[in-house]
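Residues in the sequence shown are numbered consecutively from -13, following the numbering used here. Don't be surprised by glycine CBs; every beta carbon is placed ideally from N, CA and C. If you're wondering where the values come from, they're calculated on a predicted model, not measured in any experiment. Heads up: the structure comes next, in structure tokens.
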Amino acid sequence: MIDPDGYRPNVGIVLMHPDGRLFWARRVHRDGWQFPQGGMNTDETPLEAMYRELREETGLLPQHVEVLGATPGWLRYRLPHRAIRRNDRLVCIGQKQVWFLLRLTGQESDLRLDLTDKPEFDHWRWVDFWYPVEHVVIFKRGVYASALRHLAPFARHVAGAQAVPAPSADARQRDLQLAARNHQRPRARSCGPGNPVRGGGSESGG
-13 MIDPDGYRPN
-3 VGIVLMHPDG
7 RLFWARRVHR
17 DGWQFPQGGM
27 NTDETPLEAM
37 YRELREETGL
47 LPQHVEVLGA
57 TPGWLRYRLP
67 HRAIRRNDRL
77 VCIGQKQVWF
87 LLRLTGQESD
97 LRLDLTDKPE
107 FDHWRWVDFW
117 YPVEHVVIFK
127 RGVYASALRH
137 LAPFARHVAG
147 AQAVPAPSAD
157 ARQRDLQLAA
167 RNHQRPRARS
177 CGPGNPVRGG
187 GSESGG
């Protein structure tokens, strides 16, 4: 589904090792790395969509994780022009997301990337908490920064301040500018429930 402003409802998943490092995965047949994320179905709550995407993209079940926190409201990012499918009946210009922070309570062996016919990822690793903000595709950096800032206090409570340090003042200013750019309201357009955008390479990101 796509909302009246052209944004597709979506959930993002920040999976944290108990030591504060984050699950960072490479998309199949692509160089892009990102967090798990995916679109919501019309009959799902964000929490239900999160657990479904978690299973599809990482192989983890609810008993393998603990929900530590979630972002309040929607965080938005716009797709670059090259990734917008202008020929679709309902044009999706970006994603609006609720992000969840999960702590891995199961074993690393519970992680499986090959449970679906079309896996999203082909490789994963653990990275430092703020690493993704600098290494995700550029147009997602603002929303990643906003999500991690909201979730950092929950992560710090579990992993400690050394594992989840406060970002520098320069990084905060840069990330606020990126987030503001992605929060610009689009021009009015005629959109409603319709075909979701799936795939689209590292641009759409699931």
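Quick one: grab the DSSP three-state call for residue i.
i, result
"Gln170", "Below a pLDDT of 50, predicted positions are generally treated as unreliable, and Gln170, at 47, falls in that range; the measurement from the model is reported next regardless. Gln170 falls in the coil class under three-state DSSP."
"Ala35", "helix"
"Gly128", "helix"
"Ala138", "helix"
"Asp17", "coil"
"Ala56", "strand"
"Arg175", "Reliability fails at Arg175, whose pLDDT of 33 lies under 50, so the model's placement of it is uncertain and no value is given."
"Arg41", "helix"
"Asp96", "helix"
"His109", "strand"
"Ala133", "helix"
"Ala145", "helix"
"Val51", "strand"
Quick check: what's the CA-CA separation for residue i versus residue j?
i, j, result
"Gln49", "Arg13", "25 Å"
"Val119", "His136", "13 Å"
"Gly45", "Pro(-10)", "33 Å"
"Val122", "Phe21", "9 Å"
"Val77", "Arg(-6)", "10 Å"
"His67", "Phe125", "11 Å"
"Leu33", "Ser154", "32 Å"
"Ala133", "Leu99", "24 Å"
"Asp114", "Ala149", "8 Å"
"Ser95", "Ala131", "29 Å"
"His41", "Arg142", "The amino acid occupying residue 41 in the given sequence is Arg; His does not appear at that position. If I take the Cα positions, the gap works out to 25 Å."
"Met26", "Gly59", "15 Å"
May I ask you to list the residues that DSSP assigns as paired with residue i?
i, result
"Asn(-4)", "Gly25 and Gln83"
"Leu61", "Gln83"
Just to check my reading of the structure: residue i and residue j have Cβ atoms closer than 8 Å, yes? What is that Cβ distance to the nearest angstrom?
i, j, result
"Leu90", "Pro4", "7 Å"
"Phe201", "Val0", "The requested residue 201 is not part of the displayed model; the chain covers only -13 to 192."
"Gly55", "Gly146", "That belief does not hold up - the Cβ atoms of Gly55 and Gly146 are roughly 16 Å apart, past 8 Å."
"Val(-3)", "Val84", "6 Å"
"Phe140", "Glu43", "So it is not a contact: roughly 21 Å between Cβ atoms."
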